[in-house]
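Colleague: Mind having a look at this structure? Questions to follow.
There are 2 protein chains.
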Amino acid sequence: MTDRIGISDAEWQVMNVVWENQPITAQGIIQILALKQKWSPATVRTFLHRLTKKGVLEFEPEGNRYLYRAAGNKTSQIRKASKSFLETVFNGQTVPLLTHFVKSHRLSEQEIAELRKLLDGKEAAR
Amino acid sequence: MTDRIGISDAEWQVMNVVWENQPITAQGIIQILALKQKWSPATVRTFLHRLTKKGVLEFEPEGNRYLYRAAGNKTSQIRKASKSFLETVFNGQTVPLLTHFVKSHRLSEQEIAELRKLLDGKEAAR
DNA sequence: TCAAATCGTTTACAGTTGTAAATATCTACA
DNA sequence: TGTAGATATTTACAACTGTAAACGATTTGA
């Protein structure tokens, strides 16, 4: 019963923190987010609440507070968002998408090598 | 004064049709979209209206109807959506994004070759 | 010339999102 | 044991979205 619903941009920010630091308290999440966002603690708590309602986040009481952890796995969430992005922005065409990102970002020699290796290991579809 | 605001998923569907067929009448857009979507004509007209309000779409009267065409260029819109997607879903990291899309989609031998060539021509950042 | 069809404009409405304050609960110190 | 402080839950609210009907103006076939 996991990940039936999509998560919004702001919610992604929160989940990214959770996935990297779980289990974690609301305080912890708020503090980490404070480094990047300008959200009030109340705002973050709202997101926490919505995410649990969406079934993406779960918690277990620890003393007087909650310990949060992701319910589903990040990969499935990434898959869903990526699919939707590919469809709407690139009309479902993978190569134009890849071309766009390669062309519009700087890549180190190592990264380029890594991507070459990835292509080498890629089995061609027929 | 172009493209100050983002466009929604449904609006992307409409713009994709416009970018490929402009200039085009509302009827034309509605008919092409009917092939893929189940929207009522009224719904499409609402999107047309919102898109012009957002400055993404413009029109010129042609007889008793309008001829629509995109205001800004598609590339800038793609850039904006891509940037936001990269940031929220992949924490700004291009290589993981590229890896995900290569791994999760089938690519023909030609496409793989095309991507290799792209990497070969890519100048490494230092 | 009158009614029907066609266009574009307004209005509608519920659900989601960003943003946050108000309130209720609970824990722990004094 | 009562109260301050921290936590979580409710409530708020405007903007944006998806979805579409209602309305008003205009063109055109009968």
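Sequences listed follow chains A and B, in order. Going by our numbering, the first sequence wraps up at 126, each residue one higher than the last. Going by our numbering, the second sequence wraps up at 1126, each residue one higher than the last. For each residue, glycine too, the CB sits at the ideal point set by N, CA and C.
1. Which residue or residues does DSSP assign as beta-bridge partners of Ser1108(B)?
2. Closest Cβ-Cβ distance between Trp12(A) and chain B: below 7 Å?
3. Taking just the CA atoms, how far does Val17(A) sit from Arg45(A)?
4. For Phe90(A) versus Leu97(A), is the C-beta spacing smaller than 7 Å?
5. Are the Cβ atoms of Trp1039(B) and Ala1070(B) separated by less than 7 Å?
6. So, with DSSP's three-state summary, where would you put Pro96(A)?
7. What's the C-alpha gap between Thr1088(B) and Trp12(A)?
8. Would you identify the three-state DSSP class for Ala71(A), choosing helix, strand or coil?
9. Three or more C-beta pairs closer than 8 Å, one from the segment 1026-1037 of chain B and one from the segment 107-118 of chain A: is that the case here?
10. For Ser1076(B), go through chain A and note every residue whose CB falls closer than 8 Å to its CB, in chain order.
11. Contact criterion: CB-CB distance below 7 Å. Does Phe127(A) meet it with respect to chain B?
12. Compare the beta carbon distance of Ile24(A) and Tyr68(A) with 7 Å and say whether it is the shorter of the two.
13. Given that a residue counts as buried once 16 or more other Cβ atoms are within 10 Å of its Cβ, and exposed if not, what is Gln77(A)?
14. Listed from N- to C-terminal order along the chain, which residues in the segment 1109-1125 of chain B have their beta-carbon within a distance smaller than 8 Å of any beta-carbon of chain A?
Modeller: Judging by the given coordinates:
1. Ser1108(B) has Ala125(A) as its beta-bridge partners, per DSSP.
2. The Cβ of Trp12(A) sits closer than 7 Å to at least one Cβ of chain B.
3. Each residue's Cα considered, the two are about 13 Å apart.
4. Yes; because the gap between Cβ atoms is below 7 Å, this pair is in contact.
5. No, these two residues do not count as a Cβ contact at 7 Å.
6. DSSP places Pro96(A) in helix when its eight states are reduced to three.
7. Going from the Cα of Thr1088(B) to the Cα of Trp12(A) covers about 6 Å.
8. In the three-state reduction of the DSSP assignment, Ala71(A) falls in the coil class.
9. At 8 Å Cβ cutoff, the stretches do not touch.
10. The contacting residues do not exist; Ser1076(B) stays about 12 Å from chain A at best.
11. Because chain A is modelled from 1 through 126, residue 127(A) falls outside the range shown and cannot be assessed.
12. Taking 7 Å as the Cβ cut-off, Ile24(A) and Tyr68(A) qualify as a contacting pair.
13. If you draw a 10 Å sphere on the C-beta of Gln77(A), you find 16 or more other C-beta atoms in it, and that means buried.
14. Within the segment 1109-1125 of chain B, the residues whose Cβ lies closer than 8 Å to some Cβ of chain A are Glu1109, Glu1111, Ile1112, Glu1114, Leu1115, Arg1116, Leu1118, Leu1119, Lys1122, Ala1124 and Ala1125, listed in chain order.
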